[in-house]
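Student: The structure follows.
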């Protein structure tokens, strides 16, 4: 007969696994039914030995099927499904999975797992997938195990409760950390899950999420180096390791893109680089962070270096080869770039800042400090104006120019007033 009953040890309840193929589908799939008539099937009794609960090899309590009411209910559910299937085969009625996985009966955690496997893992980068699973195991699953509700029952007050649960946990782990941003990321992932639920008609609409002020976000100014500080650090980097750092600074790109830049990405006709790959959770991906492909003109000061690197190490496809890699011809990793950069910061007696901040933040900020516009920087980097605001906010030279211009206007008004009215 179809269907099998299995125990979910992490949730302490029973479920029925059922393989079904909808009409017109080439392949079927396994469904997990966790409710009978809208209610969970919890384990009520566990096996005992000498007054203690018996544990399996993984240290989990072993359910007692002979006395467990939840197991008996799961048996009823499976028998009902088998009966419906037999009637379907006889042509008496049509078998519908919706009867057992009814839209109103969808479990929050079950749907999150389905969304991850069928949507996120198929479309997103590795780092995103790992992050979303981490949010699930550390925050979303513990919360909804304590508050078992159905997907359509989630309201704004429940979301605020979830946010407070996350913030409390994060604050305990790191009292002085910027937990607001992490909490917003977790809630953002959950909102994306609910958007998918709305698309699938599992919920009528997405409930209102907590406002921005609820996250206690701390706005920190970005870290960057002045041109003088940057070149002090570069001077302390061994010459053989300098090219990737110079490429990052001259071309306003991300460290992960430098690690996987290949010789074939250099367009000799246009004297430009095709930036089309990146690193995601240390794994090389065939797309950048935003999914776009960028044609970046080669900086004149880097052209001779590019031509030299293309002719070196003919057996490797990568433009930047780590001379200290275990195998000859291997590329740099983010960790190797970081270690080289930190060592140079220490030698130059410059405060350690992460490679991304030392390169991308530094080049963008100094560009604006020297008179460049946000519009031009948007064209160069491919970032939106909104994301570039953080650079414009801390450019001292721009502020000084604006203040001096404002002072000139004030003096002009003062002189005009003195001529017409008298001393101000």
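In the UniProt record's numbering, the protein residues as written are 1 to 424. Glycine included, C-beta positions come from ideal geometry on N, C-alpha and C.
Could you have a look at residue 4 and say whether DSSP puts it in helix, strand or coil?
Tutor: Locating residue 4 in the chain shown gives position 4, counting from the first residue. Note: residue 4 maps to strand in three-state DSSP.
Student: Taking a contact to mean a Cβ-Cβ separation below 9 Å, would you say residue 350 touches residue 233 in this structure?
Tutor: Taking the first residue of the chain shown as 1, we reach residue 350 at position 350. Taking the first residue of the chain shown as 1, we reach residue 233 at position 233. The answer is yes: Cβ separation under 9 Å.
Student: Who are residue 14's beta bridge partners in DSSP?
Tutor: Residue numbering aside, residue 14 sits at position 14 when the chain shown is read from its first letter. Per DSSP, 7.
Student: To which residues of the same chain is residue 334 closer than 8 Å at the C-beta, ignoring the five residues directly before and after it?
Tutor: Against the chain shown, residue 334 aligns to sequence position 334. Answer for residue 334: 255, 256, 259, 279, 282, 355, listed in chain order.
Student: Name the two residues that bound the continuous beta strand (DSSP E) containing residue 233.
Tutor: In the chain shown, residue 233 corresponds to position 233, counting from 1. That residue, residue 233, is in no beta strand (DSSP E); its alpha helix (DSSP H) goes 227-235.
Student: May I ask you to report which of helix, strand or coil DSSP gives residue 277?
Tutor: As a first step, residue 277 is located in the chain shown; it is residue number 277 there, counting from the start. Three-state DSSP puts residue 277 in coil, outside helix and strand.
Student: When DSSP builds the beta bridges, which residues end up paired with residue 294?
Tutor: Taking the chain shown and counting its residues from 1, one reaches residue 294 at position 294. According to DSSP, which records beta bridges pairwise, residue 294 is partnered with 275.
Student: In its own chain, which residues sit with a C-beta less than 7 Å from the C-beta of residue 301, not counting the 5 before and 5 after it?
Tutor: On the chain shown, position 301 is the one that residue 301 refers to. Excluding positions up to five away in sequence, the list reads 250.
Student: Quick one: what does DSSP say residue 222 is sitting in, helix, strand or coil?
Tutor: Here residue 222 is taken as the residue at index 222 of the chain shown, counted from 1. Residue 222: coil per DSSP, three-state reduction.
Student: Compute the Euclidean distance between the alpha carbons of residue 109 and residue 157, then round it to the nearest angstrom.
Tutor: Counted from its first residue, the chain shown places residue 109 at position 109. Counted from its first residue, the chain shown places residue 157 at position 157. Near 18 Å, if we compare the C-alpha coordinates of residue 157 and residue 109.
Student: So, with DSSP's three-state summary, where would you put residue 144?
Tutor: Sequence index remark: in the chain shown, residue 144 carries index 144 (1-based). Helix, per DSSP.
Student: Please state whether the Cβ-Cβ distance between residue 162 and residue 197 is less than 9 Å.
Tutor: Here residue 162 corresponds to residue number 162 of the chain shown, with the count starting at 1. Here residue 197 corresponds to residue number 197 of the chain shown, with the count starting at 1. No, the pair does not count as a contact, with Cβ atoms beyond the cut-off.
Student: From the DSSP output, in three-state form, read off residue 50 for me.
Tutor: Stepping through the chain shown from its first residue, residue 50 is reached at position 50. DSSP places residue 50 in coil when its eight states are reduced to three.
Student: In the DSSP assignment, find the unbroken beta strand (DSSP E) run with residue 318 in it and report its ends.
Tutor: Taking the chain shown and counting its residues from 1, the one referred to as residue 318 is at position 318. Careful: residue 318 lies outside any beta strand (DSSP E) and carries neither H nor E.
Student: How would you call residue 114, buried or exposed, if buried means at least 16 neighbouring beta carbons within 10 angstroms?
Tutor: Numbered from its first residue, the chain shown carries residue 114 at position 114. It is buried - the Cβ of residue 114 has at least 16 other Cβ atoms within 10 Å.
Student: From which residue to which residue does the beta strand (DSSP E) around residue 240 run?
Tutor: The residue labelled residue 240 in the question sits at position 240 within the chain shown. Note, residue 240: premise wrong, no beta strand (DSSP E); not H, not E.
Student: What are the residues that DSSP puts in a beta bridge with residue 33?
Tutor: If you number the chain shown from 1, residue 33 lands on position 33. Per DSSP, 16.
Student: Name, in chain order, the residues that DSSP records as bridge partners for residue 246.
Tutor: Numbered from its first residue, the chain shown carries residue 246 at position 246. Paired residue(s): none; residue 246 is not in a bridge.
Student: Can you confirm whether the segment 181-194 touches the segment 204-220 when touching is taken to mean that 3 or more C-beta pairs between the two stretches lie within less than 8 Å?
Tutor: At 8 Å Cβ cutoff, the stretches touch.
Student: Determine the burial state of residue 240: buried for a count of at least 16 other Cβ atoms within 10 Å of its Cβ, exposed for fewer.
Tutor: Here the question's residue 240 lines up with position 240 in the chain shown. Residue 240 is exposed by the Cβ-count criterion.
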